[in-house]
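So the structure is just underneath, and the comments pick up after that.
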Amino acid sequence: MGRLQRFTPIQTLILGFVVGLLVALALALLRQERGQGDLVLRVEPLETPADITVYVDGAVAKPGLYTLPTGSRLADALDRAGLLPSADTSRLPLAERLRDGQSIVVPERQAQVAEGTTATAPAQPGSTLIDINAASADELETLPGIGPALAERIVAYRTEHGPFQSVDELARVRGISPRMVDELRDLVTVGGVP
């Protein structure tokens, strides 16, 4: 009983590994308690411009460029431009947040001809209506709800299928719902298509 047992080389190796692991763990815990092992993550806020510039045109008293605070809504831009009595804002998304460089065209109300019918003036050069058969993707992007991807799809559809025969045909473009067509109806035309 007075004899100590010797370890085999493999047991010695395993014992040394376990002791080393325990020492490393103890040192790591000590460093963490002292704050030396803290990871400092610095997050730089993205620079967002303090102001945005938008263009307002159509049935407004003062068409032009307006500088507004970031986060402003369409209603804010229309307040600055001043609406004409003939302005029709019923189809404009007044609560929509504006983005820098955005163009806003305020349509005019249609004149009543007879009960239940309305008259629309044909698109004249320089009018606020956008001809969806001739407009570039950039011009289409000025319409509410139309971003770069949707504008490109409209141009691609027109190239593949020929000119739009009616504004309602916009609903055939992937991503444009009948509701969106209704919102765009007073802002666009199909030009000289019968």
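The sequence shown begins at 45 in the working numbering and counts up by one. Ideal Cβ positions, reconstructed from N, Cα and C, are used throughout, including at glycine.
Query                                                                                                                                                                : Result
From arginine 50 to leucine 73, what distance separates their C-alpha atoms?                                                                                         : 33 Å
If we ignore side chains and look at the alpha-carbon of each, how far apart do lysine 106 and glutamate 185 end up?                                                 : 22 Å
Please give the ranges of any beta strand (DSSP E) in the segment 84-156, keeping only runs that are unbroken, at least 3 residues long and fully inside the region. : 95-102, 108-113 and 147-150
Between Ala121, Val67, Ser134 and Asn177, which lies nearest to glutamate 196 when the distance is taken from Cα to Cα?                                              : Asn177
DSSP three-state label for aspartate 212, please.                                                                                                                    : helix
Using DSSP bridges, identify the partner residues of isoleucine 174.                                                                                                 : Val232
Between proline 188 and glutamate 227, is the Cβ-Cβ spacing less than 8 Å?                                                                                           : yes
Helix or strand or just coil, what does DSSP make of glutamine 49?                                                                                                   : coil
Pick out whichever of Gly235, Thr203 and Arg223 has its Cα sitting closest to the Cα of leucine 136.                                                                 : Arg223
Is DSSP giving alanine 202 helix, strand or coil here?                                                                                                               : Looking at the sequence shown, residue 202 is not alanine but arginine. Helix.
For leucine 71, does the three-state DSSP call read helix, strand or coil?                                                                                           : helix
Within its chain, find whatever has a CB closer than 8 Å to the CB of alanine 121; leave out the 5 residues flanking it on each side and keep chain order.           : Val98, Val100, Tyr110, Leu112, Leu142 and Ile148
Hey, glycine 126 and valine 150: beta-carbon distance below 8 Å or not?                                                                                              : no
Would you report the Cα separation of phenylalanine 208 and aspartate 95, rounded to the nearest angstrom?                                                           : 38 Å
For my contact list, valine 199 and valine 211 are in at a C-beta cut-off of 8 Å; report their separation, rounded to the angstrom.                                  : Their Cβ separation, rounded to whole angstroms, is 16 Å, which puts valine 199 and valine 211 out of contact at 8 Å.
Taking the alpha-carbon positions, what's the glycine 145 to threonine 114 distance?                                                                                 : 12 Å
Going by beta carbon distance, what residues of the same chain come within less than 7 Å of glutamate 183, once the five residues before and after it are set aside? : Ile174
When we look at the beta-carbon of serine 116 and count the other beta-carbons within 10 Å, is it buried (16 or more) or exposed?                                    : buried
Please state whether DSSP places threonine 56 in a helix, a strand or coil.                                                                                          : helix
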